[in-house]
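The letter at position 189 of the sequence shown is residue 189 when you use this note's numbering, and the numbering goes up by one with no holes. Beta carbons are placed, not taken as given, at the ideal position from N, Cα and C, and that holds for glycine. Following: one structure in structure tokens, then a few remarks.
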Amino acid sequence: MPYTDLTSSTTTDWAAHAIADESIPADTDGEIFATIYDPTVLGMLSLVTSGDEPTGYATLDHAIYIYRKSDRINVVVYELGDSKYDHNSTAYNVYGEVVSVRRNGATGVIDYRLDGTTIYTSATTSTAELDICVSPFDNRYEMKQLAVEIDGGSKAPLTFTGYRVNVTDVAPDASYTLGATPIFNGVQSTTVSAWNGNCGSAEDMPASTDCKIRMRYRAESRMMFGLIDVDEDITSYTAINFAIYPVGSAGDIYVYEANSNKGLMSSTLADEDELEIRRDGTTGAVTYYQNDTLIYTSLSTSTAAHSVAASFYEARDAVWKAEYSVDGGDWNPLSWDYTDDAVLFTDRTWAVDQVASSTSKITIGDAFIIGADSLKITDSQLTITSG
1 MPYTDLTSST TTDWAAHAIA DESIPADTDG EIFATIYDPT VLGMLSLVTS GDEPTGYATL
61 DHAIYIYRKS DRINVVVYEL GDSKYDHNST AYNVYGEVVS VRRNGATGVI DYRLDGTTIY
121 TSATTSTAEL DICVSPFDNR YEMKQLAVEI DGGSKAPLTF TGYRVNVTDV APDASYTLGA
181 TPIFNGVQST TVSAWNGNCG SAEDMPASTD CKIRMRYRAE SRMMFGLIDV DEDITSYTAI
241 NFAIYPVGSA GDIYVYEANS NKGLMSSTLA DEDELEIRRD GTTGAVTYYQ NDTLIYTSLS
301 TSTAAHSVAA SFYEARDAVW KAEYSVDGGD WNPLSWDYTD DAVLFTDRTW AVDQVASSTS
361 KITIGDAFII GADSLKITDS QLTITSG
């Protein structure tokens, strides 16, 4: 069956919540599910009394909390801000395990389960209608394989068509429209560790032809992006002939060529920087640019045919707005022809142009991804109404 995945963008301190379209009716059996993936940041899956607007994790009635602490994954039960049970006092958790919260409609009993086995039964019961809420603590938290079973029916993916987020400078009872900037043909790593996530483009750069490739850098990402021989399989960054290597945690840009570190080329890397590689089709000269400023000229040349490749160091690293130009032509979005299982397409998404903070509701067509300070969406029509 298909599942739903949900990713926060730049939220912090439990500021963002997503309420599913589905709810569990009063006096009805129901269970909600999520799968543990690499949770390097924090989040909760919960049942909340229908109509209650979450304002933080302390307002979640029945929540299961997934997070990484040191070398282990923790699963903890929280109810209205109080820690009720820490499963890691008895066992470690592993990737692929399914966490769930189940309500017995007749008795109101709430159970918390791990791979179908009850690990804690709440002392509080509820037979009221219950909403389903996902609450990320901070940036880029991913809740995977979200699903629900209601009244003994089949497990079905959750759907989300509305989020509560924060927006600045919205007057009472006023509506605003924000512009949105397209993010062409991005890719993002999901369960990558130690360079085992890779992808390659469908487009080839012909031999002996001028070509340029570029991408927008996303804060904290760490990946290599560059040119690879068209007949070369991309299994690691070591296969990329000419690669630009941003290391977001340090603000540095390196250049790697065929697994050889050519050195530190810049220490001024910032979010949304444009990183570019150019090849002169006549001379074979390869040059590297940051925001149109030359940072390195390769000592190697190439007039061979190339495609574009990216290799990711760990989960949630990303390439945004990947584009190419051949023989002096226009920039065009790259198409990604190949990805490992650990890399996810993010084609044709959008980013809100303004920053958000205070209290309001954003309505965006029929598909959303939540974020307190920014938003990635699949529709450019944004209406913001004070809440």
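Closest by CA to Gly43, which one among Asn74, Ala26, Asp27? Here residue 43 corresponds to residue number 43 of the sequence shown, with the count starting at 1. Closest by C-alpha distance to Gly43, out of Asn74, Ala26, Asp27, is Asn74.
Same chain, Cβ closer than 7 Å to Thr283, neighbours up to 5 away in sequence not counted: As a first step, residue 283 is located in the sequence shown; it is residue number 283 there, counting from the start. Result list for Thr283: Thr301, in chain order.
Decide if Ala243 is buried, meaning its Cβ has at least 16 other Cβ atoms within 10 Å, or exposed. Locating residue 243 in the sequence shown gives position 243, where the first residue counts as 1. Buried.
Spatial distance of Asp273 from Tyr289 (CA atoms): For the purposes of this step, residue 273 is taken as the residue at position 273 of the sequence shown. For the purposes of this step, residue 289 is taken as the residue at position 289 of the sequence shown. Answer to the nearest angstrom: the Cα atoms are 10 Å apart.
Express the C-alpha separation of Thr107 and Ile119 in angstroms, rounding to a whole number. Here residue 119 refers to the residue found at position 119 of the sequence shown. Here residue 107 refers to the residue found at position 107 of the sequence shown. Roughly 18 Å between the two C-alpha positions.
For the 8 Å Cβ check, are there 3 or more pairs between the stretch 211 to 222 and the stretch 320 to 328? Output reads yes: the stretch 320 to 328 touches the stretch 211 to 222.
Here's the rule I'm using: 16 or more other beta-carbon atoms within 10 Å means buried, otherwise exposed. How should Leu294 be labelled? For the purposes of this step, residue 294 is taken as residue 294 along the sequence shown, with counting starting at 1. Note on Leu294: under 16 other CB atoms within 10 angstroms of its CB, so exposed under the neighbour-count rule.
Cβ-based neighbour list, Phe312, same chain, cut-off 6 Å, excluding 5 preceding and 5 following: Mapped onto the sequence shown, residue 312 falls at position 312. Excluding residues within five positions, the ones whose Cβ falls inside 6 Å are Ser189, Val192, Gly197, Met223.
In its own chain, which residues sit with a C-beta less than 6 Å from the C-beta of Pro246, not counting the 5 before and 5 after it? Start at 1 with the first residue of the sequence shown, and residue 246 comes out as number 246. Cβ-Cβ distances below 6 Å link Pro246 to Tyr217, Ile253, Leu269 in the same chain, with the five nearest sequence neighbours on each side left out; the list follows chain order.
Would you tell me roughly how many angstroms separate the C-alpha atoms of Asn88 and Ile66, rounded to the nearest one? Translated into the one-based positions of the sequence shown, residue 88 becomes position 88. Translated into the one-based positions of the sequence shown, residue 66 becomes position 66. Those two C-alpha atoms are separated by around 11 Å.
Label Thr59 either buried or exposed according to how many other C-beta atoms from any shown protein chain fall within 10 Å of its C-beta, with 16 as the threshold for buried. As a first step, residue 59 must be located in the sequence shown, where it is residue number 59. Result: buried.
Write down the C-beta distance between Val48 and Asp115 rounded to the nearest angstrom, noting that I regard them as a contact closer than 8 Å. Mapped onto the sequence shown, residue 48 falls at position 48. Mapped onto the sequence shown, residue 115 falls at position 115. Wrong, their Cβ atoms sit about 24 Å apart, outside the cutoff.
Which residues DSSP lists as bridging Asp82, in chain order: For the purposes of this step, residue 82 is taken as residue 82 along the sequence shown, with counting starting at 1. Bridge partners of Asp82: Glu79.
Do Ala310 and Ala207 have their beta-carbon atoms positioned less than 7 Å apart in this structure? Counting from 1 along the sequence shown, the entry for residue 207 is found at position 207. Counting from 1 along the sequence shown, the entry for residue 310 is found at position 310. Against a cut-off of 7 Å, the Cβ pair of Ala310 and Ala207 comes out as no contact.
Going by Cα to Cα distance, which pick from Asp61, Val255, Ile277, Lys262 is closest to Asp292? For the purposes of this step, residue 292 is identified with residue 292 of the sequence shown, where counting begins at 1. Of the listed residues, the one whose Cα sits closest to Asp292 is Ile277.
Whole angstroms are fine: how far does the CA of Glu203 sit from the CA of Thr238? Numbered from 1 along the sequence shown, position 238 holds the residue referred to as residue 238. Numbered from 1 along the sequence shown, position 203 holds the residue referred to as residue 203. Cα-Cα distance, rounded: 20 Å.
What are the start and end residues of the beta strand (DSSP E) that includes Phe312? As a first step, residue 312 is located in the sequence shown; it is residue number 312 there, counting from the start. Looking at the DSSP string, the run of the beta strand (DSSP E) that includes Phe312 is 306 to 314.
Among Thr125, Asn241, Thr35, the one whose alpha carbon lies nearest that of Leu45: Taking the sequence shown and counting its residues from 1, one reaches residue 45 at position 45. Per the Cα distances, Thr35.
Please state if the CB of Asp231 and the CB of Gly281 are separated by a distance shorter than 7 Å. Position 281 of the sequence shown, counted from the first residue, corresponds to residue 281. Position 231 of the sequence shown, counted from the first residue, corresponds to residue 231. In this structure, Asp231 does not lie closer than 7 Å to Gly281 by Cβ.
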